[in-house]
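Going down the list, the protein sequences come from chains A and B. For the first sequence, the tail end lands on 232 under this note's numbering, and the numbers increase by one without skipping. For the second sequence, the tail end lands on 232 under this note's numbering, and the numbers increase by one without skipping. Heads up, the thing below is written out as structure tokens.
Number of protein chains: 2
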Amino acid sequence: MREAVAKPRVLLVEDDRELAGMLGELLADEGYETEAAHDGQRGLHLGLTGRYDVMVIDRRLPVLDGLELLRQLRARAVITRVLVLSALGDVADRVAGLDAGADDYLVKPFEAEELLARLRALARRDFEGAECLPLGAAALDLQRHEVVLPRGERITLSGREFELLRTLAQRPKAIHPRAALRTRVFADSTGESIVDTYVYYLRRKLGRDVVRTVHGLGYQIGAV
Amino acid sequence: MREAVAKPRVLLVEDDRELAGMLGELLADEGYETEAAHDGQRGLHLGLTGRYDVMVIDRRLPVLDGLELLRQLRARAVITRVLVLSALGDVADRVAGLDAGADDYLVKPFEAEELLARLRALARRDFEGAECLPLGAAALDLQRHEVVLPRGERITLSGREFELLRTLAQRPKAIHPRAALRTRVFADSTGESIVDTYVYYLRRKLGRDVVRTVHGLGYQIGAV
DNA sequence: CGCGCTTCTGAGGCTTTTCTGAGATCTCCG
DNA sequence: CGGAGATCTCAGAAAAGCCTCAGAAGCGCG
């Protein structure tokens, strides 16, 4: 269960342990909760099973290369924002990194300030406390955990209902597989049908149409 | 929001008309639909009233500075992705740009390739990997398992329908023998006529003409 | 401690998808 | 033209996926 004011969670995949330690401290000071992996294989495992708001991935990694790790994550529908760190700084390298699915690419050596600013830019959308996420004609009030209907009526959501709807609303029109939602919103030990149940709760409160089922793939909001 | 078939729309705010012209062409070549503003005031007006998928804003602008423009857009809840271009390349400048609300910050002079890659990375976020296979006038959305018709209408396919159509669409104009399709898309234990049945389903949903029968040889799409 | 709210489980029923098979229709070629 | 084989169409059974919901268990508060 997350705290009321959850810290943004970062996955740091970096084989240089000294650098990893320094970055870990830096991120902790900025209020991030960091988890670290020191090779690509471990990074892949954590990335697939863990719940992160942003990932920092070194390009040169043992066992599984950073870009290959990234491709595999993307291939398995992990849409978390990723910043790639690399000593390879040619334009071609940067283009390759971005096209492999990176959201940003920072060349070593870099200044801590810039890394932090770029992470803020990536994580900003997910942690803008004061704002609402659009939800079709309605909106999701991120502060008060309420859905605001067009007429101004407000419907309060429970913690899990809110987390689920927020996760869906962060990527409207994307299809969110059950397994991904279960990993992100619920504990891994929960039953297989927990997502179904909470979708049912949301639909009961907000109407049938808020969440669309895509048979065999998952759930989706904001479909046209 | 952008339709899958429509071109991504870019707002370009750049006072150097020569550079603006070059960028406009570059973006047009890449399939973007560009609208240009040459000062901050005009950029603000367009940004507030127009619908764009991504904005490219020069930092040094007449009338209204680029960062100030960005702040005003953000203050009025414009959440479009923004890439800031600037000749100011110090870390402090970059941090200032990102913290003003930019999603990315590219220092002049830059390579066209990198700008395009970074724009792709930004545009990707909103229509998360809307990769499509061409399908005559329509397209096959690989993420959503949907066929997107020219007018933007979407037809959802079931898992097997999608696999079959994708297999055909991967090599358009090639003739795919029944046996090959049966092996690739269905279990080996299925009956001989399973492919026929699913071709029938596809035709029923999408129209007679999507799949052509080549008597005695197999099926084909995208025939001339 | 008891009450109300939330979370989670699991079972039963419903819907969609997948697959089979059989008759109708078409194509090729002698 | 006519027949053999290929293809199309489709109803319905079986399987898989999804929805609904009651109730148990947990949590927070007075």
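For glycine and all other residues, C-beta sits at the position ideal for the given N, C-alpha and C.
Counting only C-beta atoms, is E33 (chain B) closer than 7 Å to chain A at any point? Position 25 of the second sequence holds residue 33 (chain B). Answer no: the Cβ-Cβ gap between E33 (chain B) and chain A never drops below 7 Å.
So what does P180 (chain B) bridge to, in DSSP terms? The residue labelled residue 180 (chain B) in the question sits at position 172 within the second sequence. Bridge pairing for P180 (chain B): absent [DSSP].
Under a CB-based cut-off of 7 Å, is L106 (chain A) close to chain B? Here residue 106 (chain A) corresponds to residue number 98 of the first sequence, with the count starting at 1. It does; some Cβ of chain B falls within 7 Å.
Between which two residues does the alpha helix (DSSP H) harbouring V103 (chain A) extend? The residue given as residue 103 (chain A) occupies position 95 in the first sequence. Run containing V103 (chain A): 99–107, per the alpha helix (DSSP H) assignment.
Which of helix, strand or coil DSSP assigns to T191 (chain A): By 1-based counting over the first sequence, the position of residue 191 (chain A) is 183. Here T191 (chain A) sits in helix by DSSP.
To which residues does DSSP link T42 (chain B) through a beta bridge? Position 34 of the second sequence, counted from the first residue, corresponds to residue 42 (chain B). B:V18, per the DSSP bridge assignment.
Reference G58 (chain B); option with closest CA among B:S201, B:E41, B:D73: Locating residue 58 (chain B) in the second sequence gives position 50, counting from the first residue. Answer by Cα proximity: B:E41.
Bounding residues of the beta strand (DSSP E) (the contiguous stretch that carries V92 (chain B)): Here residue 92 (chain B) is taken as the residue at index 84 of the second sequence, counted from 1. Looking at the DSSP string, the run of the beta strand (DSSP E) that includes V92 (chain B) is 89–94.
Length of the line joining the Cα atoms of V62 (chain A) and V193 (chain B): Residue mapping note: residue 62 (chain A) aligns to position 54 of the first sequence, counting from 1. Residue mapping note: residue 193 (chain B) aligns to position 185 of the second sequence, counting from 1. C-alpha separation (whole angstroms): 36 Å.
Check the Cβ of S166 (chain B) against every Cβ in chain A and list those closer than 8 Å, keeping chain order. Along the second sequence, one-based indexing puts residue 166 (chain B) at 158. Contact note: S166 (chain B) reaches chain A through H223, G224, using a C-beta cutoff of 8 Å and chain order.
If you reduce the DSSP assignment to three classes, tell me which class T205 (chain A) lands in. As a position in the first sequence, residue 205 (chain A) is number 197, starting the count at 1. Reduced to three states, the DSSP call for T205 (chain A) is helix.
Using a Cβ-Cβ distance cut-off of 7 Å, determine whether D47 (chain A) contacts chain B. What you label residue 47 (chain A) is simply residue 39 of the first sequence in a count that begins at 1. Chain B, which has no Cβ nearer than 7 Å to the Cβ of D47 (chain A), makes this no.
Quick one: residues in its chain with C-beta nearer than 8 Å to the C-beta of Y227 (chain B), no 5 flanking neighbours on either side, listed in chain order? Counting from one through the second sequence, the residue named residue 227 (chain B) turns up at place 219. L176, I183, H184, R186, L189, V203, V207, V219, R220, T221.
Taking all protein chains shown into account, decide if E22 (chain A) is buried (16 or more other Cβ within 10 angstroms of its Cβ) or exposed. Within the first sequence, the letter at position 14 stands for residue 22 (chain A). When all chains shown are included, E22 (chain A) counts as buried.
With 16 other CB atoms within 10 Å as the buried threshold, where does S197 (chain A) fall? Position 189 of the first sequence, counted from the first residue, corresponds to residue 197 (chain A). Classification of S197 (chain A): exposed, given that the 10 Å Cβ count is below 16.
Applying a beta-carbon distance threshold of less than 7 Å, which residues of chain A neighbour A129 (chain B)? As a working note, residue 129 (chain B) is residue 121 in the second sequence. In chain order: L106, A110, D111.
C-beta contact flag for V92 (chain B) and A120 (chain B) at 7 Å: Locating residue 92 (chain B) in the second sequence gives position 84, counting from the first residue. Locating residue 120 (chain B) in the second sequence gives position 112, counting from the first residue. In this structure, A120 (chain B) does not lie closer than 7 Å to V92 (chain B) by Cβ.
Let me know the secondary structure DSSP gives D66 (chain A) once reduced to three states. Within the first sequence, numbered from 1, the residue matching residue 66 (chain A) stands at position 58. Here D66 (chain A) sits in strand by DSSP.
Relative to chain A, which residues along the region 91–105 of chain B have a C-beta separation below 9 Å, given in chain order? V99, A100, R102, V103, A104, G105
If you draw a straight line from the C-alpha of P70 (chain B) to the C-alpha of R17 (chain B), how long is it? Mapped onto the second sequence, residue 70 (chain B) falls at position 62. Mapped onto the second sequence, residue 17 (chain B) falls at position 9. For P70 (chain B) and R17 (chain B), the distance between alpha carbons rounds to 23 Å.
Am I right that L19 (chain B) and L54 (chain B) are in contact with their C-beta atoms under 8 Å? What's the rounded C-beta distance? Indexing the second sequence from 1 puts residue 19 (chain B) at position 11. Indexing the second sequence from 1 puts residue 54 (chain B) at position 46. Right, the Cβ-Cβ distance comes to about 6 Å (below 8 Å), so this counts as a contact.
Given this structure, state the Cα-to-Cα distance separating L123 (chain B) from V156 (chain B), to the nearest angstrom. Position 115 of the second sequence holds residue 123 (chain B). Position 148 of the second sequence holds residue 156 (chain B). Linking L123 (chain B) to V156 (chain B) through their CA atoms gives a straight-line distance of about 29 Å.
Output the boundary residues of the alpha helix (DSSP H) element that contains G32 (chain B). The residue labelled residue 32 (chain B) in the question sits at position 24 within the second sequence. Residues 25–37.
Taking all protein chains shown into account, decide if L225 (chain B) is buried (16 or more other Cβ within 10 angstroms of its Cβ) or exposed. By one-based count along the second sequence, residue 225 (chain B) stands at place 217. Label assigned to L225 (chain B): exposed.
Would you mind reading off the limits of the alpha helix (DSSP H) that contains Q80 (chain B)? Taking the first residue of the second sequence as 1, we reach residue 80 (chain B) at position 72. Here the alpha helix (DSSP H) through Q80 (chain B) covers 74–83.
If you follow the beta strand (DSSP E) that A231 (chain A) is in, where does it begin and where does it stop? Translated into the one-based positions of the first sequence, residue 231 (chain A) becomes position 223. No beta strand (DSSP E) contains A231 (chain A), which DSSP labels as neither H nor E.
Could you have a look at A147 (chain B) and say whether DSSP puts it in helix, strand or coil? To locate residue 147 (chain B), count along the second sequence from 1; it is residue 139. A147 (chain B) falls in the strand class under three-state DSSP.
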